[in-house]
Amino acid sequence: MSEITFWGHACFLLSERAKETVLFDPYISENPLSPVKTEEVKADYILLSHAHWDHIGDAYAIAGRNGATIISSSEIAKQAVKDGFNAHPQHIGGRHSFSFGSVKLTLAFHGSGIAGGHACGFVVDYYGKKIYFSGDTGLFSDMKLIGELDSLDVALLPIGDNFTMGLDDAVIAASFLQAKVVIPYHYNTWPLIEADPVEFKQKVEQKAGSQCVILSPGSSYSI
Ligand code: NI
Ligand code: MN
């Protein structure tokens, strides 16, 4: 059984007993909601959706200590290699196999945080479970296609508004994606992105037909 653990903001860890772990957007040391310390984090792979500071965060510190491989768009991956880290470059639409399964980069409508780059999302096959992490993005109707191409077990969606989709757009995203379970993120880290996850859960379960699981920072969900 795989576990999805939420460490606040956009940081999630995929883990399974004695298997390789996959960490998303490790904004930890400066994250007011983080329940963990950077030094405690163990990761084999680090997925970076874009290079804004609240996503790239502690990626280098964790990659350096763990010998982890950074998986990201080619601009960010190439910079990571230049900076002395292991990295695997991909780009939007491309899928690649890894020991745990595979990673496909998806569209995300957002700044990249790096010259010439593009923000992305990910569809991850983690030991047979399909997880979609949208990254920071506005709502877009091709999310329907993402849900059609891969039958999603879990969709991780931002709801905090201002920088990303707000709550009501994320409900529409959930209806497009048709994942079995939806988990909200990128909210309540700062006053600017306050959102009510309980309202989101009610709306998703009523309008999108997916189950919604609210994870407080430090808690996990088994898939
Ligand atoms: Ni961003
Ligand atoms: Mn962000």
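Position one of the sequence shown corresponds to residue 0 (our numbering), numbered consecutively onward.
Just so it is clear, CB atoms sit at the ideal spot from N, CA and C, and this is done for glycine as well.
Just so we're clear, the structure is a prediction, and the values are computed from it rather than from any experiment.
Please look up how many angstroms separate the CB atoms of residue i and residue j, rounded, as I've assumed it's under 8 Å.
i    : j    : result
S72  : G116 : 6 Å
P25  : G63  : At roughly 12 Å, the Cβ-Cβ gap does not stay under 8 Å, so P25 and G63 are not in contact.
I130 : V102 : So it is not a contact: roughly 10 Å between Cβ atoms.
G19  : Y44  : One detail in the question is off: residue 19 reads as Glu in this sequence, not Gly. 7 Å between Cβ atoms; contact.
L176 : G146 : 4 Å
I222 : I3   : 6 Å
I113 : I75  : 6 Å
Which two residues bound the contiguous beta strand (DSSP E) that contains residue i?
i    : result
D53  : No beta strand (DSSP E) contains D53, which is instead part of the alpha helix (DSSP H) from 52-55.
S174 : Unbroken run through S174 is the alpha helix (DSSP H), 166-176; no beta strand (DSSP E).
L138 : That residue, L138, is in no beta strand (DSSP E); it is neither H nor E in DSSP.
I130 : 128-132
S73  : Not the beta strand (DSSP E): S73 falls in the alpha helix (DSSP H), residues 73-81.
Q201 : Per DSSP, Q201 belongs to no beta strand (DSSP E); it is in the alpha helix (DSSP H), 196-202.
G120 : 119-125
Y186 : Premise fails: Y186 is in no beta strand (DSSP E) and is neither H nor E.
V21  : 21-23
In chain order, what residues of the same chain lie with their CB nearer than 6 Å to the CB of residue i, ignoring the 5 residues before and after it?
i    : result
G79  : The residue you asked about is not Gly; residue 79 is Ala in the sequence shown. Here the set comprises I69, A86.
L166 : I158, A194, F199
H109 : A118, D135, T136
A169 : L156, I158
Exposed or buried, what is residue i when buried is set at 16 or more other beta-carbons lying within 10 Å of its beta-carbon?
i    : result
D149 : buried
W6   : buried
L141 : Looking at the sequence itself, residue 141 is Asp, so the reference to Leu does not match. So D141 ends up on the exposed side.
S215 : exposed
H185 : buried
L191 : exposed
What separation, rounded to the nearest whole angstrom, lies between the Cα atoms of residue i and residue j?
i    : j    : result
V21  : E38  : 16 Å
G83  : F162 : 31 Å
K200 : K81  : 42 Å
R16  : W52  : 30 Å
A50  : K206 : 33 Å
A107 : V180 : 20 Å
R94  : F132 : 14 Å
V203 : I182 : 10 Å
F139 : N65  : 36 Å
What residues in its chain sit with their C-beta under 8 Å from that of residue i, if we drop five residues either side in the sequence?
i    : result
G208 : S174, Q177
Y125 : S1, L13, E15, V21, F99, G100
C10  : L22, F23, D24, P25, Y26, I27, N30, S33, G56
What residues in its chain sit with their C-beta under 7 Å from that of residue i, if we drop five residues either side in the sequence?
i    : result
K276 : Only positions 0 to 222 of the chain appear in this structure, which leaves residue 276 out of reach.
Assuming residue i is part of the alpha helix (DSSP H), what are its boundary residues?
i   : result
Y59 : 58-65
Heavy atom of the ligand ATP less than 7 Å from the Cβ of residue i, yes or no?
i    : result
F162 : Only the ligand NI and the ligand MN can be found as ligands here, which leaves the ligand ATP out of the picture.
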